[in-house]
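Notes to accompany the following structure.
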């Protein structure tokens, strides 16, 4: 899923203070799972904004709504009746949600309330971990299902660097060394021999380095 | 000979070689670099020119290599993959060779979060082993990555680093073997303070037949003070300074600590020289290049072979 965090109210306000009616729109998918932009967080943000404006003796119209998914047109259209009555949409979707709203409601300013961070998993309640960079050529099968591109701070493909100490990354103590994880896992699987082979330079053309990516599938079109 | 490198000539003649690090200045000050270079002239067989080490912005290593070569040094160009993608790295290899540089040390580099440009993009398009293979393919196949031919390909003598003190220990020799297989001709190790751990690393390298295929230069760093010892132990990536070394320096008054650091460096040189498969030493006297002649003199290796 996509993992995001809510911005500070002050930063959100700098972007929306110029408007007098605000439609706050959440997304009840990924960003609900990471407790950043789901139904609950949408209500909380709307309440926090009302409070914040009241302190400044301002009283903009604030309406909240939450979509099941903010990145799919069928869902986005469900707020169509609310949009004309508001000057701006404040989105609690990920970056994709914000831009999908902007495509559908092309004459409305759309302001992000979240910082979108990464593709990751919920390790446990309250802990989310990045583990995929979407490079477009999944090699997890060679690395014991631990991604060197994501979990190694230097994207190393041929083993741990000289900064790996007691299973920790040189960048920060709280980052586990991705290569230590790969090796433990392959050791458990009895597949450490996979690491003796030279891995050639990665073809980054399928990653964002090749430009924004797009999939067109005729068999899926209506 | 695979190359015109003087370092290669010395190593293949079986000479015990001495290299030393010479860090470029944090600016365009040529005389500062030349002064550092002059301290080392005649005492070392080659100088390593660091590439924005610890991710601090410094004069480019290609430019500094060229300046030091002008003084009469044999430069070893350090190249990290942190800051440049494969286009820039390969282009700089062409340029360095055109300027007469014949040795390259291929590194990934310290993460940029250590340096003074923490907001930078970390490039890491290649890793150090892929860079070794790239330089090797230029020399042996006359090609760049992807297989296109090069007109007048650079023929570099290829170095790589090894850190016997990083974890997991069992992996360190496997990684060394990968570097050798990718094309490394010589290896310069991380600073050695834990000699027995280095010995174990060398034993395994010998058992795997690696010392036959690659020249290993043992890394030596003189400690200036107890503070530096503690700092290196705690803060420098991939460094191990054992407690007994820290205690040995800390036990002395401040004004005697630098001399003790030099004494430890000299003892380390004497001990690593005895280890089978050690082909030379690499001195990293951080902002202390002027002490290198004294250290080499005390270790009895100040006189360099002529070729």
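Protein chains in written order, with our numbering: chain A, 223 to 444; chain B, 35 to 341.
Think of the CB as a built atom: it goes at the ideal place given N, C-alpha and C, for glycine as much as any other residue.
Values in this document were obtained by computation on a predicted structure and should not be read as measured data.
Return the CA-CA distance between residue 210/B and residue 198/B, expressed in angstroms with no decimal places. By one-based count along the second chain, residue 210/B stands at place 176. By one-based count along the second chain, residue 198/B stands at place 164. Spanning the two alpha carbons is a distance of roughly 9 Å.
Option nearest residue 143/B by Cα separation, candidates 245/A, 396/A, 375/A: Against the second chain, residue 143/B aligns to sequence position 109. Comparing alpha-carbon positions, the option among 245/A, 396/A, 375/A lying closest to residue 143/B turns out to be 375/A.
Just to make sure I have the definition right: I need the residues of chain A whose C-beta is within less than 7 Å of the C-beta of residue 158/B. Which are they? The count along the second chain starts at 1 and reaches residue 158/B at position 124. Under the 7 Å cutoff, chain A gives 376, 377.
C-beta atoms of residue 318/B and residue 55/B nearer than 8 Å: On the second chain, residue 318/B is found 284 positions in, with the first residue counted as 1. On the second chain, residue 55/B is found 21 positions in, with the first residue counted as 1. It is a contact, given that the beta carbons lie within the stated cut-off.
According to DSSP, is residue 200/B helix, strand or coil? On the second chain, residue 200/B is found 166 positions in, with the first residue counted as 1. DSSP places residue 200/B in coil when its eight states are reduced to three.
Where the stretch 403-425 of chain A meets chain B: residues whose CB sits under 9 Å from a CB there: Within the stretch 403-425 of chain A, the residues whose Cβ lies closer than 9 Å to some Cβ of chain B are 405, 406, 414, 417, 418, 419, 420, 421, 422, 423, 424, listed in chain order.
Using a Cβ cut-off of 9 Å, pull out every chain A residue sitting near residue 147/B, in sequence order please. Here residue 147/B refers to the residue found at position 113 of the second chain. Those are 375, 392, 393, 394, listed as they occur along chain A.
Note down, in chain order, every chain B residue with its Cβ under 8 Å from the Cβ of residue 382/A. Within the first chain, numbered from 1, the residue matching residue 382/A stands at position 160. Among the residues of chain B, those whose CB is under 8 Å from the CB of residue 382/A are 200, 201, 202, 205, 209, following chain order.
Would the stretch 94-111 of chain B and the stretch 146-158 of chain B be scored as touching if the rule is three or more Cβ pairs under 8 Å? When C-beta atoms of the stretch 94-111 of chain B are compared with those of the stretch 146-158 of chain B, fewer than three pairs fall below 8 Å, so the two segments do not count as touching.
Is the stretch 303-316 of chain A in contact with the stretch 278-295 of chain A, if contact means three or more CB pairs nearer than 8 Å? Contact check between the stretch 303-316 of chain A and the stretch 278-295 of chain A: three or more CB pairs, one atom from each, fall below 8 Å, which counts as touching.
Amino acids of chain A, ordered along the chain, whose beta-carbon sits closer than 9 Å to that of residue 150/B: Taking the second chain and counting its residues from 1, one reaches residue 150/B at position 116. Per Cβ cutoff of 9 Å: no residues; residue 150/B is ~16 Å from chain A at best.
Bridge partners of residue 350/A, per DSSP? Here residue 350/A refers to the residue found at position 128 of the first chain. Beta-bridge pairing links residue 350/A to 344/A.
Status (buried if at least 16 other CB within 10 Å, exposed otherwise) for residue 430/A: Reading the first chain from its first residue, position 208 is the one you call residue 430/A. Exposure of residue 430/A is indicated by the presence of fewer than 16 other C-beta atoms within 10 angstroms of its C-beta.
First through last residue of the beta strand (DSSP E) which encompasses residue 56/B: Here residue 56/B refers to the residue found at position 22 when the second chain is read from its first residue. Boundaries of the beta strand (DSSP E) harbouring residue 56/B: 51-56, taken from the DSSP string.
So is residue 52/B buried or exposed if we call it buried at 16+ other beta carbons inside 10 Å? Taking the first residue of the second chain as position 1, residue 52/B is located at position 18. Buried, because 16 or more other Cβ atoms sit within 10 Å of the Cβ of residue 52/B.
What did DSSP end up calling residue 314/B once you bin it into helix, strand or coil? Taking the first residue of the second chain as position 1, residue 314/B is located at position 280. Residue 314/B: strand per DSSP, three-state reduction.
Are the Cβ atoms of residue 359/A and residue 425/A separated by less than 8 Å? If you number the first chain from 1, residue 359/A lands on position 137. If you number the first chain from 1, residue 425/A lands on position 203. The Cβ-Cβ distance between residue 359/A and residue 425/A falls below 8 Å.
Counting only Cβ pairs nearer than 8 Å, list the residues of chain A close to residue 88/B. Translated into positions along the second chain, residue 88/B becomes position 54. Within chain A, not a single residue places a beta-carbon under 8 Å from that of residue 88/B; the smallest gap is close to 11 Å.
Anything in chain A within Cβ reach of residue 237/B, meaning under 7 Å, just list it in chain order. For the purposes of this step, residue 237/B is taken as the residue at position 203 of the second chain. Near residue 237/B there are no residues of chain A at all, since even the closest Cβ is about 20 Å away, more than 7 Å.
Reducing DSSP to helix, strand and coil, say where residue 223/A ends up. Residue numbering aside, residue 223/A sits at position 1 when the first chain is read from its first letter. Residue 223/A falls in the coil class under three-state DSSP.
When 442/A, 443/A, 361/A are compared against residue 422/A, the one with the closest alpha-carbon: Taking the first residue of the first chain as position 1, residue 422/A is located at position 200. For the residues 442/A, 443/A, 361/A, the minimum Cα distance to residue 422/A belongs to 361/A.
Going by beta carbon distance, what residues of the same chain come within less than 8 Å of residue 108/B, once the five residues before and after it are set aside? Here residue 108/B is taken as the residue at index 74 of the second chain, counted from 1. Taken in chain order, the residues that qualify are 39, 40, 41, 79, 80, 81, 136, 137.
Just the chain D side, please: which residues come within less than 8 Å of residue 386/A by C-beta, in chain order? No chain D appears in the structure shown, which is made up of the protein chains A and B.
Contact between the stretch 240-256 of chain B and the stretch 318-331 of chain B: three or more CB pairs below 8 Å? Three or more beta-carbon pairs separated by less than 8 Å link the stretch 240-256 of chain B to the stretch 318-331 of chain B, which places the two stretches in contact.
Residues in the stretch 425-441 of chain A with C-beta within 8 Å of chain B's C-beta atoms, listed in sequence order? Listed in sequence order: 426.
Taking just the CA atoms, how far does residue 250/B sit from residue 339/A? Along the first chain, read from residue 1 onward, the residue named residue 339/A stands at position 117. Along the second chain, read from residue 1 onward, the residue named residue 250/B stands at position 216. One alpha carbon belongs to residue 339/A, the other to residue 250/B, and they sit about 43 Å apart.
Neighbour list for residue 389/A in chain B, Cβ cutoff strictly below 9 Å: For the purposes of this step, residue 389/A is taken as the residue at position 167 of the first chain. For residue 389/A, the chain B residues whose Cβ falls inside 9 Å of its Cβ are 201, 202, in order along the chain.
Contacts of residue 224/B in chain A (Cβ-Cβ under 7 Å): As a working mapping, residue 224/B is identified with position 190 in the second chain. What residue 224/B touches in chain A: 384.
Note down the Cα distance separating residue 126/B from residue 86/B, rounded to an integer number of angstroms. Residue numbering aside, residue 126/B sits at position 92 when the second chain is read from its first letter. Residue numbering aside, residue 86/B sits at position 52 when the second chain is read from its first letter. Taking the straight line joining both Cα atoms gives about 15 Å.
For the stretch 304-316 of chain B against the stretch 265-280 of chain B, are there 3 or more C-beta pairs whose distance is under 8 Å? Fewer than three Cβ pairs drawn from the stretch 304-316 of chain B and the stretch 265-280 of chain B lie within less than 8 Å of each other, which leaves the two stretches out of contact.
Three-state secondary structure assigned by DSSP to residue 207/B: Taking the second chain and counting its residues from 1, the one referred to as residue 207/B is at position 173. The three-state secondary structure of residue 207/B, taken from DSSP, is helix.
Can you tell me the Cβ-Cβ gap for residue 131/B and residue 188/B, rounded? I've got them flagged as a contact below 8 Å. Sequence index remark: in the second chain, residue 131/B carries index 97 (1-based). Sequence index remark: in the second chain, residue 188/B carries index 154 (1-based). Contact holds; Cβ gap of about 3 Å.
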